[in-house]
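Number of protein chains: 2
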Amino acid sequence: MNTLSYGLLSMLSYAPFSGYDLMQKIQPFWPAKHSQIYPLLAQLERDGYIQHELVVQPDKPDKKVHSLTDLGREALSQWLSQPACPPVTRDELSLKIFCMNEGDPVDIQRLLEQRVEYCREKLVWFHAKSELFAHKRMDSSPGIVLLMRRALFSFQSELDWAEWALKELRGEG
Amino acid sequence: MNTLSYGLLSMLSYAPFSGYDLMQKIQPFWPAKHSQIYPLLAQLERDGYIQHELVVQPDKPDKKVHSLTDLGREALSQWLSQPACPPVTRDELSLKIFCMNEGDPVDIQRLLEQRVEYCREKLVWFHAKSELFAHKRMDSSPGIVLLMRRALFSFQSELDWAEWALKELRGEG
DNA sequence: ATTGCCATGTAAAAGGTTACATGATTCC
DNA sequence: GGAATCATGTAACCTTTTACATGGCAAT
Numbered sequence: 673m674n675t676l677s678y679g680l681l682s683m684l685s686y687a688p689f690s691g692y693d694l695m696q697k698i699q700p701f702w703p704a705k706h707s708q709i710y711p712l713l714a715q716l717e718r719d720g721y722i723q724h725e726l727v728v729q730p731d732k733p734d735k736k737v738h739s740l741t742d743l744g745r746e747a748l749s750q751w752l753s754q755p756a757c758p759p760v761t762r763d764e765l766s767l768k769i770f771c772m773n774e775g776d777p778v779d780i781q782r783l784l785e786q787r788v789e790y791c792r793e794k795l796v797w798f799h800a801k802s803e804l805f806a807h808k809r810m811d812s813s814p815g816i817v818l819l820m821r822r823a824l825f826s827f828q829s830e831l832d833w834a835e836w837a838l839k840e841l842r843g844e845g
Numbered sequence: 673m674n675t676l677s678y679g680l681l682s683m684l685s686y687a688p689f690s691g692y693d694l695m696q697k698i699q700p701f702w703p704a705k706h707s708q709i710y711p712l713l714a715q716l717e718r719d720g721y722i723q724h725e726l727v728v729q730p731d732k733p734d735k736k737v738h739s740l741t742d743l744g745r746e747a748l749s750q751w752l753s754q755p756a757c758p759p760v761t762r763d764e765l766s767l768k769i770f771c772m773n774e775g776d777p778v779d780i781q782r783l784l785e786q787r788v789e790y791c792r793e794k795l796v797w798f799h800a801k802s803e804l805f806a807h808k809r810m811d812s813s814p815g816i817v818l819l820m821r822r823a824l825f826s827f828q829s830e831l832d833w834a835e836w837a838l839k840e841l842r843g844e845g
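Line by line, the protein sequences give chains A and B. Position in the first sequence (first residue = 1) + 672 = the numbering used here. Position in the second sequence (first residue = 1) + 672 = the numbering used here.
In structure tokens, the structure reads:
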């Protein structure tokens, strides 16, 4: 079973969800399109890790609500006990900065400004989310609290770097 | 042309390299195996972006040393002027932390300790590299300096987070 | 009216990993 | 003697993206 499959089981460890919900929820951790998720859900059901119930909705399309079976829960905890694969990041910006000598310095500055903006947006989003959890006492599990804080750490450090890099390029270093 | 192709052109903007060299050099920015790189190099040559020269080595296997053509250099600077795709990260650890309720807390602590170790190793490596550049006055281009610093920023923030998370789990928060 | 969200699926293409294949040299 | 490095390639497989396909409801 591949990592995305375990990812789907991970999401379902909280509550039953539709494929559509799962697709949205898994994005921050393991980006995937619906075309990849629906077939995997069918496979997970064939293999006995999940089951589904058809929920008829009057205003919206019917949906399949998937939930973990005992076998699925077992598979999850067994997977948790094994070491995690090293993270993989692919960022076009790195490559562009690497060969920035080849282009117009203004292009590189624009790229960095875009990255600054991107990080700021992410930070606003995560700050809003974590305030929701703090104030309104939402269903914040220990895992989500850890991941939230990591996102804040990592986007902040990327933002700091990008701003520093812009200063360097403008000769203010 | 895909991003890996531009990545290869980016590496070649510094100097001519063999496919084997390129495979190693591109790893930090855009992980790829040799089986993906060799066919792409052939294609880039067919399309006129690079050319190669056969270099015979007495002690080691012969190699093809690839270099940018004018067309390749043009393609690079045109690519630099366009916005970069958003970065993509896939980290199994995120998923495991997300559903950590399902498993033994000791498993999660072990995973975080492994991540701490991983970050420390990376930091040691990047610090060594950047000292090399600083002291021995190596061929440090502006791009490489920026990327080096980013690596230090990002691994440090991941390390800080993982150590904070371990404290939280041990109830020292 | 058109865009966007909800909801599910399949098919084709592109991107990426693992395995197969070869062979000399160097280091332990 | 066995593993690691250098060096290039192909084939099979798995993963991921893009495109095809459908259709109702809500909001601007």
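Think of the CB as a built atom: it goes at the ideal place given N, C-alpha and C, for glycine as much as any other residue.
Quick one: what's got a C-beta closer than 6 Å to residue i's C-beta in the same chain, skipping five residues either side?
i, result
"residue 743 of chain A", "720 and 721"
"residue 830 of chain A", "791"
"residue 784 of chain A", "834, 837 and 838"
Near residue i, which residues of its chain fall below 7 Å by C-beta distance, leaving aside the five closest residues on each side in sequence?
i, result
"residue 801 of chain A", "820"
"residue 688 of chain A", "737, 738 and 739"
"residue 814 of chain A", "none"
"residue 760 of chain A", "none"
"residue 812 of chain A", "805"
"residue 828 of chain B", "795"
"residue 765 of chain B", "783 and 787"
Under 7 Å between C-beta atoms, does residue i make it to chain A?
i, result
"residue 837 of chain B", "yes"
"residue 786 of chain B", "yes"
"residue 691 of chain B", "no"
"residue 742 of chain B", "no"
"residue 805 of chain B", "no"
"residue 774 of chain B", "yes"
"residue 792 of chain B", "no"
"residue 677 of chain B", "no"
"residue 829 of chain B", "yes"
"residue 682 of chain B", "yes"
"residue 818 of chain B", "yes"
"residue 783 of chain B", "yes"
"residue 843 of chain B", "no"
Closer than 8 Å by C-beta to residue i: which residues in its own chain qualify, once you throw out the five before and the five after it? Chain order, please.
i, result
"residue 685 of chain A", "740, 745 and 748"
"residue 702 of chain A", "675, 676 and 679"
"residue 793 of chain B", "none"
Per DSSP, which residues does residue i bridge with? Please list them.
i, result
"residue 723 of chain A", "A:739"
"residue 690 of chain B", "B:737"
Need the endpoints of the alpha helix (DSSP H) that residue i sits in, please.
i, result
"residue 728 of chain A", "Careful: residue 728 of chain A lies outside any alpha helix (DSSP H) and carries neither H nor E."
"residue 762 of chain B", "Residue 762 of chain B -> not in any alpha helix (DSSP H); beta strand (DSSP E) instead, spanning 760-762."
"residue 825 of chain B", "814-841"
"residue 673 of chain B", "Where residue 673 of chain B is concerned, there is no enclosing alpha helix (DSSP H), given that its DSSP letter is neither H nor E."
"residue 797 of chain A", "777-807"
"residue 755 of chain B", "Element bounds for residue 755 of chain B: n/a, residue is neither H nor E."
"residue 711 of chain A", "706-718"
Kindly say whether residue i, judged by its beta-carbon, lies nearer than 7 Å to any beta-carbon of chain B.
i, result
"residue 719 of chain A", "no"
"residue 825 of chain A", "yes"
"residue 748 of chain A", "yes"
"residue 822 of chain A", "yes"
"residue 779 of chain A", "yes"
"residue 833 of chain A", "yes"
"residue 685 of chain A", "yes"
- Check each residue of the region 751-772 of chain A: if its Cβ is closer than 9 Å to any Cβ of chain B, include it; give the result in chain order. Within the region 751-772 of chain A, the qualifying residues are 751, 752, 753, 754, 755, 756, 757, 758, 759, 760, 761, 762, 763, 764, 765, 766, 767, 768, 769, 770, 771 and 772.
- Task: Name, going along the chain, the residues of the region 696-715 of chain A whose beta-carbon falls closer than 9 Å to a beta-carbon of chain B.
- Result: Residues passing the 9 Å Cβ filter: 698, 700, 701, 702 and 703.
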